[in-house]
Amino acid sequence: MSGHGNTAVDERIGSGLKSRTKHALNDEFLRKAVAFTTDKLKNGRLQAMDTFGDWEAWRERGRAIRSHTIANLDYYLGQFADNVVQGGGNVYFCKEGKDAVRTFMDIAERNKAKLVAKGKSMVSEEIHLNQELEKKGIEAIETDLGEYILQLARETPSHLIIPAIHKNKQQIAELFTDASGEHFEPETKVLAEYARKKLRNYFLEADIGLTGCNFGVAESGSITLVSNEGNGRMVSTLPKVHVVVMGMERLVPTFEDLEVVLNLLARSATGQKLTTYTSILTGPRASGDLDGPEELHVIILDNGRSEQLGDPIFQEVLNCIRCAACLNVCPVYRHVGGHTYGSVYSGPIGAVLTPLLQQDMKEAGSLAYASSLCGACYEACPVKIPLHDMLVHLRHRKVKMKLTSLPERIAFKSYQTIFGNIKLYKLATKSAYYMQKPLVRDGMIKAGPPPLSGWTQSRFMPMLPKQSFRDKWGALQQELASRRKEGGKR
Amino acid sequence: MKVSLFVTCLADNLYPEVVESVARILTDYGCEVDFPEAQSCCGQPAFNSGYQDEAREVSRQLIRAFEHSDYVVSPSGSCAGMVHHFYPYLFQDEPEWAAKAEALVGKMYEFSQFLVGVLGVTDVGASFPHKVTYHPSCHGMRLLGVKDEPMQLLSAVADIEYQDLPSRDDCCGFGGTFAIKMADMSEAMVCEKAANVCRSGAEVLVGTDMGCMMNIGGRLNKEGKPVRVMHLAQLLDEGRAKR
Numbered sequence: 007m008s009g010h011g012n013t014a015v016d017e018r019i020g021s022g023l024k025s026r027t028k029h030a031l032n033d034e035f036l037r038k039a040v041a042f043t044t045d046k047l048k049n050g051r052l053q054a055m056d057t058f059g060d061w062e063a064w065r066e067r068g069r070a071i072r073s074h075t076i077a078n079l080d081y082y083l084g085q086f087a088d089n090v091v092q093g094g095g096n097v098y099f100c101k102e103g104k105d106a107v108r109t110f111m112d113i114a115e116r117n118k119a120k121l122v123a124k125g126k127s128m129v130s131e132e133i134h135l136n137q138e139l140e141k142k143g144i145e146a147i148e149t150d151l152g153e154y155i156l157q158l159a160r161e162t163p164s165h166l167i168i169p170a171i172h173k174n175k176q177q178i179a180e181l182f183t184d185a186s187g188e189h190f191e192p193e194t195k196v197l198a199e200y201a202r203k204k205l206r207n208y209f210l211e212a213d214i215g216l217t218g219c220n221f222g223v224a225e226s227g228s229i230t231l232v233s234n235e236g237n238g239r240m241v242s243t244l245p246k247v248h249v250v251v252m253g254m255e256r257l258v259p260t261f262e263d264l265e266v267v268l269n270l271l272a273r274s275a276t277g278q279k280l281t282t283y284t285s286i287l288t289g290p291r292a293s294g295d296l297d298g299p300e301e302l303h304v305i306i307l308d309n310g311r312s313e314q315l316g317d318p319i320f321q322e323v324l325n326c327i328r329c330a331a332c333l334n335v336c337p338v339y340r341h342v343g344g345h346t347y348g349s350v351y352s353g354p355i356g357a358v359l360t361p362l363l364q365q366d367m368k369e370a371g372s373l374a375y376a377s378s379l380c381g382a383c384y385e386a387c388p389v390k391i392p393l394h395d396m397l398v399h400l401r402h403r404k405v406k407m408k409l410t411s412l413p414e415r416i417a418f419k420s421y422q423t424i425f426g427n428i429k430l431y432k433l434a435t436k437s438a439y440y441m442q443k444p445l446v447r448d449g450m451i452k453a454g455p456p457p458l459s460g461w462t463q464s465r466f467m468p469m470l471p472k473q474s475f476r477d478k479w480g481a482l483q484q485e486l487a488s489r490r491k492e493g494g495k496r
Numbered sequence: 147m148k149v150s151l152f153v154t155c156l157a158d159n160l161y162p163e164v165v166e167s168v169a170r171i172l173t174d175y176g177c178e179v180d181f182p183e184a185q186s187c188c189g190q191p192a193f194n195s196g197y198q199d200e201a202r203e204v205s206r207q208l209i210r211a212f213e214h215s216d217y218v219v220s221p222s223g224s225c226a227g228m229v230h231h232f233y234p235y236l237f238q239d240e241p242e243w244a245a246k247a248e249a250l251v252g253k254m255y256e257f258s259q260f261l262v263g264v265l266g267v268t269d270v271g272a273s274f275p276h277k278v279t280y281h282p283s284c285h286g287m288r289l290l291g292v293k294d295e296p297m298q299l300l301s302a303v304a305d306i307e308y309q310d311l312p313s314r315d316d317c318c319g320f321g322g323t324f325a326i327k328m329a330d331m332s333e334a335m336v337c338e339k340a341a342n343v344c345r346s347g348a349e350v351l352v353g354t355d356m357g358c359m360m361n362i363g364g365r366l367n368k369e370g371k372p373v374r375v376m377h378l379a380q381l382l383d384e385g386r387a388k389r
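Those protein sequence lines, which keep their order, are chains A and B. For the first sequence, the numbering used here assigns the number 496 to the last residue and increments by one with no breaks. For the second sequence, the numbering used here assigns the number 389 to the last residue and increments by one with no breaks.
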């Protein structure tokens, strides 16, 4: 499964990373579209932070709430499930993606469902629910505008909250034209109007409404959904059956905590104070309610999450509130977009989460290299997940499991031997001066053999001067001594 | 005040003039500068590539070299950041070395951080009549927390024409081994950074980390762009000599 139309792109997560990178870098439309929107989101976030008072204090509060919840996840999951059931809903704990799919299919079969209207849900992407539904002949319609566009294009989301971030207006107009037979100009208002009318019917006709869950509130068993299009509210109230699929970590203990994380989420995601719609749903329709589903089913998915519990380095990754701020500030994501990661979750959080959830260091683990370790992700994270450190620790895991290449392992052993011994270090740097000579042109190295060619493909390399600082130190010491005598140049 | 230079392997071998400038400025502000010769590298190339055992052994060399120093000053926020951010972790299972690592953390500074924070100097009395822009290096800024110091020093320089760098805080794409291992990603990033430097209209690009400067400068060179690339210490040193 890949978002690219080009089948020549290698679809394996790790070994295909470089070919997908090249593919994305050659896609001018994609690069412009991603840079444009991430810039907008990034600036929105900065403005929202400015007007929010003590952002660092809010961040720390968010981190504390999430860390506490994850540290006591068994307790809060129990409390949450009890409250959902007490409110008239059903709860299913699913160990793996396929268990969650089967659970959903059972509900669909019981209700003889033919049409499922979906709100945005990354977990449903994670378990590949749409493909499974298609196999069973059940039609699933994405009702989030971005997701709807991607469904028409038969692509997957390339961003956590702006799934079609890589598409521009022109491309969307073409998709709508193909799908409807009408002709569409690339005008946002016209395109949105078409989707709005089209989707209305699905809300009314669907047998099941499926949504994700931004936060479950343990003290009440409530499901919180945030959206800017209102589709989340439609799919969770109009169809007879509402099914929620959520990751097991997606909880907060109380409404007081919810206030904090909702504030952090909207501001970090889009720079909004609150999203246009915040829906808090507690139980199915009760007697006297004017709307709401007759049945509520909550599917809680593990799928590798519980493996992180108790891990001194990686447990914190479960703190994530899926705001995508790390994607928006990531200079790698900015240039290559989400599909390059080859996984449902992209950007820095995806590079960390994917190998952990899939428990696959060989292929998915290679995503840990898709970062210059600049730390912009950590700086932007509203719950302070040290993603840049986690990426380094994932690389360490790969090394420990002997999943890196032999030449690389030998190179770093040699590095240890040489840089760990000052005599060898001096000898090596002296020899390097002479060894570089065949490569030097006009005082620079403009082209080199691999692995140096990785550098010289895009930049020149300065040549090593004859004298290192070490060699010059004697003379410099004398200069410094005379400067001191003169009393410096203050 | 006794100050030891942590010259970093990169500046030792490729940019000795940067450390010379650091040494001159510190000396002029009354520091007794020395160079413990047993130093090599902070271990970051191995650590960031996942080779923690190899990094640890190289780190010991650095810790030993500065065991008797009062202050340690480096021309690189990244190398100083490595010590601050990861040395305690590297030695968490060896109490004796953990204590030594903590001791080094306590006395390790990046150049501008030391000049402004410890020596209390923001105006070195330099003049530099050129259009200058500044790229803040990620590790200095985010691992070490060096945010305002370089700009404080620059804005006190006489006759300087400071030009804003668009998307200033974006990484230049260096990332150590990333530049080679993920050459295409790195290329996209350095091309954008170099383009932004040109857009700024500056004749001089200044920074506090020669890794980043080598990367951006190498790109500007390849494009044949006449922008001079230098370390902040060089600019200040040169600007003082002029005055």
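Here a beta-carbon is modelled for each residue, glycine too, at the ideal position from N, C-alpha and C.
Around the Cβ of residue i, are there at least 16 other Cβ atoms within 10 angstroms (buried) or fewer (exposed)?
i: residue 137 of chain A; result: exposed
i: residue 259 of chain B; result: buried
i: residue 328 of chain B; result: buried
i: residue 500 of chain A; result: A query on residue 500 of chain A cannot be resolved here, the shown segment of chain A reaching from 7 to 496 and no further.
i: residue 210 of chain A; result: exposed
i: residue 171 of chain A; result: buried
i: residue 189 of chain B; result: buried
i: residue 413 of chain A; result: exposed
i: residue 381 of chain B; result: buried
i: residue 186 of chain A; result: exposed
Quick one: does residue i have its CB under 8 Å from some CB of chain A?
i: residue 174 of chain B; result: yes
i: residue 204 of chain B; result: yes
i: residue 197 of chain B; result: yes
i: residue 296 of chain B; result: no
i: residue 147 of chain B; result: no
i: residue 265 of chain B; result: no
i: residue 226 of chain B; result: no
i: residue 326 of chain B; result: yes
To which residues does DSSP link residue i through a beta bridge?
i: residue 366 of chain A; result: Beta-bridge pairing links residue 366 of chain A to no other residue.
i: residue 71 of chain A; result: Paired residues: none, contrary to the question.
i: residue 216 of chain A; result: A:124, A:249
i: residue 178 of chain B; result: B:148
i: residue 450 of chain A; result: A:447, A:468
i: residue 96 of chain A; result: A:303
i: residue 277 of chain B; result: B:307
Give me the Cβ distance between residue i and residue j, rounded to the nearest whole Å; I'm assuming they're in contact under 8 Å.
i: residue 243 of chain A; j: residue 264 of chain A; result: Not quite, the Cβ-Cβ distance comes to about 20 Å (not below 8 Å), so this is no contact.
i: residue 306 of chain A; j: residue 271 of chain A; result: So it is not a contact: roughly 20 Å between Cβ atoms.
i: residue 177 of chain B; j: residue 149 of chain B; result: 4 Å
i: residue 233 of chain B; j: residue 251 of chain B; result: 6 Å
i: residue 212 of chain B; j: residue 241 of chain B; result: About 19 Å separates the two Cβ atoms, so there is no contact after all.
i: residue 79 of chain A; j: residue 255 of chain A; result: 7 Å
i: residue 156 of chain A; j: residue 149 of chain A; result: So it is not a contact: roughly 12 Å between Cβ atoms.
Is the Cβ of residue i closer than 8 Å to any Cβ of chain B?
i: residue 411 of chain A; result: no
i: residue 44 of chain A; result: no
i: residue 356 of chain A; result: no
i: residue 9 of chain A; result: Its pLDDT being 43, under 50, residue 9 of chain A is placed unreliably by the model, and the measurement read from it follows with that caveat. With 8 Å as the cut-off, residue 9 of chain A does not count as an interface residue toward chain B.
i: residue 278 of chain A; result: no
i: residue 375 of chain A; result: yes
i: residue 61 of chain A; result: no
i: residue 339 of chain A; result: no
i: residue 12 of chain A; result: Residue confidence is low: residue 12 of chain A scores 44 on pLDDT, short of 50, so the model does not pin down where it sits. Its coordinate-derived value is still stated next. Chain B contact via Cβ: absent.
i: residue 318 of chain A; result: no
i: residue 342 of chain A; result: yes
Report yes or no: do three or more beta-carbon pairs, one from the segment 385 to 401 of chain A and one from the segment 331 to 349 of chain A, lie closer than 8 Å? yes
Would you call the segment 194 to 211 of chain B in contact with the segment 424 to 434 of chain A, where contact means no fewer than 3 C-beta pairs closer than 8 Å? yes
Using a Cβ distance threshold of 8 Å, determine whether the segment 107 to 119 of chain A contacts the segment 309 to 316 of chain A, with at least three qualifying pairs required. no
Using 8 Å as the Cβ pair cut-off and three pairs as the minimum, do the segment 47 to 64 of chain A and the segment 295 to 303 of chain A touch? no
Cβ pair count under 8 Å reaching 3, the segment 315 to 331 of chain B against the segment 277 to 288 of chain B: yes
Does the segment 335 to 345 of chain B touch the segment 471 to 480 of chain A, meaning 3 or more C-beta pairs lie closer than 8 Å? no
Would the segment 159 to 166 of chain A and the segment 140 to 149 of chain A be scored as touching if the rule is three or more Cβ pairs under 8 Å? no
Using a Cβ distance threshold of 8 Å, determine whether the segment 119 to 129 of chain A contacts the segment 208 to 222 of chain A, with at least three qualifying pairs required. yes
Would you call the segment 364 to 384 of chain A and the segment 154 to 170 of chain B in contact, with 3 or more CB pairs under 8 Å? no
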